[in-house]
Amino acid sequence: PNVDSIFYYMPFDGKVGEENFAYHRIGYGAGYTNLKEENLNVNNNTVLSSSNTSSAPIQEILIEKSNSLNEMNSDEETRGSILNLNYDGSDIKMKFAPSKATPVVLRMWHEQTSSTNEFTYYYGMQESNLPVLAGDKLAFWRGLGRCRDFEGKFLQNYKRWDTQTGSESQSLYEVAWNNAVKGGDTYLKTILYTPVERNINLKVEEDVSVKKSALFTPNEKNSKIIGLNGITGMQYNNANQQSSSYLKNIKNVFDLVKQGKLCISQNDSSLNVYWNEQELYRTKGADTGQSINDLEESLVAGDNCIE
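Take any residue in the sequence shown, note its place counting from 1, add 3, and you have its number in my numbering.
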């Protein structure tokens, strides 16, 4: 059977009933309460602004616009979520968290050793050359290619969160191996999400152990620092555009759902729209002509990664 969509209980009704930048609706349509000061747009022309005090709509919608790095990345329930709706039988709560989605590959190099050797790799985010902290973890990493990690385990089975380390002023994250005896290159992939209005970079922590290591995105290759600004050429996620060209309203969300770039999970009382990771991994950057999937297919065990 078809799912009873929460949108059936959300009569936006466009600009009908708008008076002096507020909605006055009696017995029809939706009323809006902005939980934060910033309004939300349905499209380029219609703003979901607050209702006036004499309004009596049939449905009240509580709106929150979020730009939390923690919720976009570190929270397992909200990671990658763009639009979340919950209906309690009375009010509907709508959270809109527009983000830029950037697929990232981390290439790490380790020297061959015959003894037990703990190996830890550090990286962090920066904004205007200042450290940025998302939470007690940042990225959920997966192994890349038919290669092995530094402990000799197949990377196809590597699925692990990183952890925050060091002082808050450093704002570093780490991935670690307790028994790193294998030498060579190991590759991990993830997707990082950043607020559309912010320019955040990911940077490897420079020391001797990472001199041969690098970061990759569909936009940049073999770099120590990369911009987390989406993918060049991708609609509403174009790393070459200004912030106004990213996701900014509900219509943009539906456009990307139609393209398969966003996914929907729902039941009769909730709905979640989130980035389609597989689509992001297969999307090529306009400047490089390469996707993360292309990079993964180029890896050959014993040649450019650990066998």
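Built from N, CA and C at the ideal position, the CB exists for glycine as well.
Going along the chain, which unbroken runs of the beta strand (DSSP E) with 3 or more residues stay wholly within the stretch 161–205?
-> 162–164, 166–168, 175–180, 187–198
Taking 7 Å as the cut-off, decide whether the C-beta atoms of K103 and N87 are in contact.
-> Within the sequence shown, numbered from 1, the residue matching residue 103 stands at position 100. Within the sequence shown, numbered from 1, the residue matching residue 87 stands at position 84. For K103 and N87, no; Cβs fall outside 7 Å.
Which of helix, strand or coil does DSSP assign to K18?
-> Here the question's residue 18 lines up with position 15 in the sequence shown. Coil, per DSSP.
Boundaries (first-last residue) of the alpha helix (DSSP H) holding Y284 | In the sequence shown, counting from the first residue as 1, residue 284 sits at position 281. Note, Y284: alpha helix (DSSP H), 280–285.
Keeping to the same chain, check which residues put their C-beta closer than 8 Å to that of P4; ignore five residues upstream and five downstream.
-> The residue you call residue 4 lines up with position 1 of the sequence shown. Because the pLDDT at P4 is just 49, under 50, the model does not fix this residue reliably, and the value given afterwards should be weighed accordingly. Contacts found: none.
7 Å Cβ shell around L195 - same chain, five flanking residues per side excluded = Position 192 of the sequence shown, counting from 1, holds the residue named residue 195. Excluding positions up to five away in sequence, the list reads N76, T105, V107, A142, L205, L231.
Alpha carbon to alpha carbon, how far is Q310 from A179?
-> As a working mapping, residue 310 is identified with position 307 in the sequence shown. As a working mapping, residue 179 is identified with position 176 in the sequence shown. It should be pointed out that residue 310 corresponds to Glu in this sequence rather than to Gln. Near 19 Å, if we compare the C-alpha coordinates of A179 and E310.
Quick one, which of L274, T193, K224 has its alpha-carbon nearest L283's?
-> Position 280 of the sequence shown holds residue 283. The candidate whose alpha carbon is nearest that of L283 is T193.
Cα separation between G138 and N73?
-> On the sequence shown, position 135 is the one that residue 138 refers to. On the sequence shown, position 70 is the one that residue 73 refers to. When rounded, the distance between both Cα atoms is 5 Å.
Please name the residue in T168, E208, F153 whose C-alpha comes closest to that of N182.
-> As a first step, residue 182 must be located in the sequence shown, where it is residue number 179. Answer by Cα proximity: F153.
Inter-stretch contact (C-beta, 8 Å, three-pair minimum) for the stretch 111–120 and the stretch 155–174 = no
Identify which residue in A33, Y190, G233, Y176 has its Cα closest to the Cα of I203.
-> Here residue 203 is taken as the residue at index 200 of the sequence shown, counted from 1. Measuring from the Cα of I203, the nearest candidate turns out to be G233.
Buried versus exposed, by CB contacts within 10 Å (16 or more), G305 = Taking the sequence shown and counting its residues from 1, one reaches residue 305 at position 302. Exposed, because fewer than 16 other Cβ atoms sit within 10 Å of the Cβ of G305.
Determine, using beta carbons only, whether E35 and I64 come nearer to each other than 7 Å.
-> Counted from its first residue, the sequence shown places residue 35 at position 32. Counted from its first residue, the sequence shown places residue 64 at position 61. The sequence given here has Tyr at residue 35, not Glu. Yes. Within cutoff.
Min CB distance K18 to chain C below 7 Å = Among the chains in the structure shown there is no chain C, since it carries only a single protein chain.
Could you tell me how far apart the beta carbons of T220 and M111 are, in whole angstroms, since I believe they sit closer than 8 Å?
-> Taking the sequence shown and counting its residues from 1, one reaches residue 220 at position 217. Taking the sequence shown and counting its residues from 1, one reaches residue 111 at position 108. Not quite, the Cβ-Cβ distance comes to about 16 Å (not below 8 Å), so this is no contact.
Could you tell me which of E130, E299, N279 sits nearest to L191, measuring between CA atoms?
-> Position 188 of the sequence shown, counted from the start, is the residue given in the question as residue 191. For the residues E130, E299, N279, the minimum Cα distance to L191 belongs to E299.
First and last residue of the beta strand (DSSP E) that includes K103?
-> Against the sequence shown, residue 103 aligns to sequence position 100. Per DSSP, K103 belongs to the beta strand (DSSP E) from 102–113.
Please go through the same chain and pick out, in chain order, the residues whose beta-carbon is closer than 7 Å to the beta-carbon of Y277, but skip the five residues on each side of it.
-> Counting from one through the sequence shown, the residue named residue 277 turns up at place 274. Counting only Cβ-Cβ distances below 7 Å, and skipping sequence neighbours, we find G83, S84, I85, L265, C266.
To which residues does DSSP link V260 through a beta bridge?
-> As a working note, residue 260 is residue 257 in the sequence shown. Bridge partners of V260: none, in fact.
Which stretch, first to last residue, makes up the alpha helix (DSSP H) that contains E121?
-> Along the sequence shown, one-based indexing puts residue 121 at 118. Here E121 belongs to no alpha helix (DSSP H), and DSSP marks it neither H nor E.
Indicate whether Y31 and Q62 have their beta-carbon atoms separated by less than 7 Å.
-> As a first step, residue 31 must be located in the sequence shown, where it is residue number 28. As a first step, residue 62 must be located in the sequence shown, where it is residue number 59. Going by C-beta atoms, Y31 is not nearer than 7 Å to Q62.
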